[in-house]
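Have a look at the structure below, then the notes.
Residue numbers (our numbering), protein chains in the order written: chain H, 7 to 119; chain F, 2 to 113.
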């Protein structure tokens, strides 16, 4: 079974630039999550989709972050403009449903300079 | 807001000994509590989870206990092995969509 695919693996940008991350979840998984993991901390949920609808985006900095899940499958997370404090690993995860095991992608390590 | 506290932040045990990691949560409505293991540079992976209708769950060397009254749950690893070295995260669900609130992590070091 193919896992959660994310790209790119690494990205370095200057502050105020924009960046986009892509995620392809495990086939058939209804729930998709984007997490931000700052070095030495636990993952912080940014947004959670159920199929193609948003069920929680309370911790998403909406003035600069946006996310969409097209046709309830792939998802993109965008940051515009980036700040230094956005440097982190961005993890995408998917699960068959709510309160079930979440499978994580390899993550995208973003460095903002 | 809701939060999950995890202790200790670092735990060093001798190979073969047991390790215990504890978490407390604030939302009394939380009902799903997973534990994830993250090896250096790798993605988090679920190792065990428990729901609020049971007090304990065991899977080989790993067990989780839940005390709903006190709002805390613990991970127990027995007969630790070098491959158990990693960062362990607890999490607790909140809301009807089971959003997870994660602890800050415990770095487990197994000494040979």
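Glycine included, every Cβ here is placed at the ideal spot set by N, Cα and C.
- Within chain F, the residues placing a beta-carbon under 8 Å from that of residue 107 (chain H) are 35, 47 and 50, ordered along the chain.
- Residue 67 (chain F) and residue 36 (chain H) have their alpha carbons spaced roughly 28 Å apart.
- Exposed is the label assigned to residue 19 (chain F), since fewer than 16 other Cβ atoms lie within 10 Å of its Cβ.
- By the rule that beta-carbons nearer than 8 Å mark a contact, residue 111 (chain H) touches chain F.
- Apart from sequence neighbours up to five positions away, the residues of its chain that approach residue 27 (chain H) with a beta-carbon distance below 6 Å are 83, 96 and 114, ordered along the chain.
- Within the same chain, 105, 106, 107 and 108 come within 8 Å of residue 10 (chain F) by CB-CB distance, once the 5 residues on both sides are set aside.
- For residue 66 (chain H), same chain residues with a beta-carbon under 6 Å away, outside a window of 5 residues either side, are 52 and 53 in chain order.
- Of all residues in the stretch 22-55 of chain H, those with a C-beta nearer than 9 Å to a C-beta of chain F are 37, 39, 41, 43, 46, 47, 48, 49, 50, 51 and 54, reading in chain order.
- Remark: three or more beta-carbon pairs, one from each stretch, lie closer than 8 Å, so the stretch 20-33 of chain F and the stretch 76-83 of chain F are flagged as touching.
- The CB of residue 62 (chain H) comes closer than 8 Å to the CB of 96, 98 and 100 in chain F, given here in chain order.
- Within the stretch 26-78 of chain H, the complete beta strand (DSSP E) segments at least 3 residues long are 37-43, 50-56, 59-62 and 71-75, listed from N- to C-terminus.
- Each residue's CA atom was taken as its position, placing residue 61 (chain F) and residue 80 (chain F) some 10 Å apart.
- For residue 18 (chain H), the number of other beta carbons within 10 angstroms of its own is below 16, and it is reported as exposed.
- For the pair residue 102 (chain H) and residue 78 (chain H), the Cα-to-Cα distance works out to about 13 Å.
- Inter-residue distance for residue 73 (chain H) and residue 98 (chain F) is about 18 Å (C-alpha atoms, whole angstroms).
- Residue environment for residue 48 (chain H): buried (at least 16 other C-beta atoms within 10 angstroms of its C-beta).
- Between the alpha carbons of residue 16 (chain H) and residue 90 (chain F) lies a distance of about 24 Å.
- Counting along the chain, residue 101 (chain F) sits inside the beta strand (DSSP E) bounded by residues 100-103.
- Secondary structure note for residue 95 (chain F): its beta strand (DSSP E) is the uninterrupted segment 87-95.
- For the stretch 80-99 of chain H, the residues whose beta carbon sits under 9 Å from a beta carbon of chain F are, in order, 97 and 99.
- Nearest Cα to residue 24 (chain F) within the set F:112, F:43 and F:37: F:37.
- With respect to chain F, the C-beta atom of residue 116 (chain H) has no partner C-beta closer than 8 Å.
- Distance from the CA atom of residue 71 (chain F) to the CA atom of residue 46 (chain H), rounded to whole angstroms, is 27 Å.
- Apart from the 5 residues on each side of it in sequence, residue 112 (chain F) sits with its Cβ closer than 8 Å to the Cβ of 13, 14, 15 and 16 in its chain, given in chain order.
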